[in-house]
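J.:
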Amino acid sequence: MASHFVDWLWRTIVAQCDRTASFLRRLLDSLRPTTVAKSVPPPHICPRTLKYRRTPGPWRRNLLPTLPDQAFVIPATIPYGEIYFRTKGNYVGQGATSFVDRLPSGDIIKYPKPNPYCPEKENTCRQQMRTEAEAYQRIGDNARVPRLISWDASACSLIIEYLENGNLQSYLDDHNETVTSEQRRLWMRHAAEALVAVHSADIIHCDVTPRNFMLNEALELHIADFAGSSVSGSPPTITTSARFQRPGWDWKPTQADDLFALGSVLYYIQTGHEPYPDITEEEVHDRFSAENFPEVSMLRCGSIIRRCWAGSWDDAQQIIDALAITEGS
61 MASHFVDWLW
71 RTIVAQCDRT
81 ASFLRRLLDS
91 LRPTTVAKSV
101 PPPHICPRTL
111 KYRRTPGPWR
121 RNLLPTLPDQ
131 AFVIPATIPY
141 GEIYFRTKGN
151 YVGQGATSFV
161 DRLPSGDIIK
171 YPKPNPYCPE
181 KENTCRQQMR
191 TEAEAYQRIG
201 DNARVPRLIS
211 WDASACSLII
221 EYLENGNLQS
231 YLDDHNETVT
241 SEQRRLWMRH
251 AAEALVAVHS
261 ADIIHCDVTP
271 RNFMLNEALE
281 LHIADFAGSS
291 VSGSPPTITT
301 SARFQRPGWD
311 WKPTQADDLF
321 ALGSVLYYIQ
331 TGHEPYPDIT
341 EEEVHDRFSA
351 ENFPEVSMLR
361 CGSIIRRCWA
371 GSWDDAQQII
381 DALAITEGS
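Numbering (my numbering), first residue to last: 61 to 389.
1) Please report the straight-line C-alpha distance between Gln305 and Leu228, rounded to a whole angstrom.
2) For a test of the three-state rule: what should DSSP assign to Asp212, helix, strand or coil?
3) Could you give the residue range of the alpha helix (DSSP H) that holds Lys181?
4) Within this structure, are the beta carbons of Tyr151 and Cys216 separated by less than 8 Å?
5) Tell me whether the segment 261–272 and the segment 206–215 touch, counting them as touching only if at least three CB pairs, one residue from each stretch, are closer than 8 Å.
6) If the criterion is Cβ atoms closer than 8 Å, does the pair Gly332 and Asn202 meet it?
7) Compute the beta-carbon to beta-carbon distance between Val325 and Tyr336, rounded to the nearest angstrom, for a pair I have assumed lies under 8 Å.
8) Does at least one heavy atom of the ligand GDP sit under 7 Å from the Cβ of Glu277?
9) For Phe353, does the three-state DSSP call read helix, strand or coil?
10) Jot down the residue ranges of each uninterrupted alpha helix (DSSP H) in the segment 298–376, minimum 4 residues, whole runs only, in chain order.
11) Which residue comes first and which comes last in the beta strand (DSSP E) that contains Ser217?
12) Please state whether the Cβ-Cβ distance between Ala136 and Ala252 is less than 8 Å.
13) Apart from the five residues just before and just after Cys361, which ones in its own chain have a Cβ nearer than 7 Å to its Cβ?
14) Report yes if the CB atom of Cys14 is closer than 8 Å to the CB atom of Thr147, and no otherwise.
15) Mapping DSSP to helix, strand and coil, what is Ser165?
16) Per DSSP, what kind of secondary structure is Gly388 in: helix, strand or coil?
17) DSSP state of Arg249, grouped into three classes?
18) Give the DSSP-derived three-state secondary structure of Tyr151 in the structure shown.
19) Which residues in the same chain as Arg271 place their Cβ atom closer than 8 Å to its Cβ, once the five residues preceding and following it in sequence are excluded?
20) Out of Pro206, Arg108, Trp369, Leu218, which one is the CA nearest neighbour of Leu281?
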């Protein structure tokens with residue numbers, strides 16, 4: 061009798077331990093990093109951060125036929141939070157919503173970031189590419205805007221001309237000491253001409269900054285990056301930083317917002333640095349809100365910049381006319 065009881069008790073304890081061990085294994089598994097096959101995410105879960113992994117596309121095989129096949133393989137199982145995608149060309153850069161590559165042809169291709177974990181965010185990226193394409197199509201051929209070569213509506217990718225000298229901000233960071241006064245005057249006029257082209261197409265750029273002006277081989281200025289712009293009254297999806305933002309800005313942008321930002325771009329062109337470079341964005345916001353702008357009286361076009369910040373211009377053409385008078389004086 062006692063032996064039967066001991067045997068029953070032993071079996072009960074073993075069974076309970078087995079159930080406990082099984083529960084603990086499931087618990088530990090739930091705490092381990094999740095892996096997803098072919099980037100298919102667990103339902104309704106978006107990672108807080110994403111890591112994009114570039115995988116060469118067919119273009120790379122054409123350039124390097126001896127490259128091993130393994131270089132083109134996307135893993136069957138991908139760690140949770142990572143996204144593998146095939147490149148279109150050599151890496152140039154990326155933004156919040158898109159990648160920029162240089163094609164073997166030498167042109168630039170811009171295409172939306174994939175996000176299989178969160179289709180809504182991926183759709184937002186694709187919509188911003190549609191907005192950018194519409195902006196280029198509305199503006200058409202213009203000396204102050206990169207030339208649109210093609211638009212692929214199904215892939216939401218656009219191809220534009222390559223501008224050899226990169227963006228104005230990087231160029232001035234590297235060459236500020238050697239840029240002539242004449243070149244700076246040309247850039248100021250080019251920047252204002254670019255806004256005339258943009259506004260004439262019923263577009264508010266919404267992020268007029270030195271990094272969004274590109275330079276070709278002849279150092280001619282072109283305004284670019286319309287992904288977050290307001291087109292024909294559409295809501296923007298981006299706002300600029302405090303040093304280029306008009307006090308009182310809201311999500312209903314007007315030409316006045318771009319003209320204010322242009323003042324800070326002109327300041328950057330003349331000085332080689334942003335307004336108030338040594339203080340925080342919050343402090344800049346407070347100073348601008350109090351109409352406490354940098355001193356510009358010593359600058360050749362200081363009065364034009366001051367009027368941009370004061371909201372005294374009706375349109376960019378007036379700024380072009382004022383610059384012409386200054387150049388002739």
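Cβ atoms here follow ideal geometry from the backbone N, Cα and C, with glycine treated the same way.
Since we're looking at a predicted model, the values are computed, not measured.
T.: Looking at the coordinates:
1) Taking the sequence shown and counting its residues from 1, the one referred to as residue 305 is at position 245. Taking the sequence shown and counting its residues from 1, the one referred to as residue 228 is at position 168. Straight through space, the alpha carbons of Leu228 and Gln305 are spaced by roughly 19 Å.
2) As a working mapping, residue 212 is identified with position 152 in the sequence shown. Correct three-state label for Asp212: strand.
3) The residue labelled residue 181 in the question sits at position 121 within the sequence shown. Per DSSP, Lys181 belongs to the alpha helix (DSSP H) from 179–199.
4) Looking up residue 151 in the sequence shown gives position 91. Looking up residue 216 in the sequence shown gives position 156. Result no, Cβ atoms of Tyr151 and Cys216 do not sit closer than 8 Å.
5) no
6) In the sequence shown, the residue the question calls residue 332 occupies position 272. In the sequence shown, the residue the question calls residue 202 occupies position 142. Not a contact, by the Cβ cut-off of 8 Å.
7) Here residue 325 refers to the residue found at position 265 of the sequence shown. Here residue 336 refers to the residue found at position 276 of the sequence shown. That belief does not hold up - the Cβ atoms of Val325 and Tyr336 are roughly 15 Å apart, past 8 Å.
8) The model depicted lacks the ligand GDP and carries no ligand whatsoever.
9) In the sequence shown, the residue the question calls residue 353 occupies position 293. Coil at Phe353, not helix or strand.
10) 315–331, 341–349, 362–370
11) The sequence position of residue 217 within the sequence shown is 157, counting from 1. In the DSSP assignment, Ser217 falls within the unbroken beta strand (DSSP E) covering 217–220.
12) Stepping through the sequence shown from its first residue, residue 136 is reached at position 76. Stepping through the sequence shown from its first residue, residue 252 is reached at position 192. No, they are not a contact pair.
13) Position 301 of the sequence shown, counted from the start, is the residue given in the question as residue 361. Cβ neighbours of Cys361 beyond the five flanking positions: Met248, Leu326, Gln330, Leu383, Thr386.
14) Outside the modelled stretch of the chain, which goes from 61 to 389, sits residue 14, for which no answer is possible.
15) The residue labelled residue 165 in the question sits at position 105 within the sequence shown. Ser165 falls in the coil class under three-state DSSP.
16) Mapped onto the sequence shown, residue 388 falls at position 328. In the structure shown, Gly388 falls within a helical segment according to DSSP collapsed to helix, strand and coil.
17) Working through the sequence shown from its first residue, we reach residue 249 at position 189. Annotated three-state conformation of Arg249 is helix, per DSSP.
18) Here residue 151 is taken as the residue at index 91 of the sequence shown, counted from 1. In the structure shown, Tyr151 falls within a strand segment according to DSSP collapsed to helix, strand and coil.
19) Position 211 of the sequence shown, counting from 1, holds the residue named residue 271. Contacts found: Asn227, Leu228, Gln229, Ser230.
20) For the purposes of this step, residue 281 is identified with residue 221 of the sequence shown, where counting begins at 1. Among Pro206, Arg108, Trp369, Leu218, the Cα nearest to that of Leu281 belongs to Pro206.
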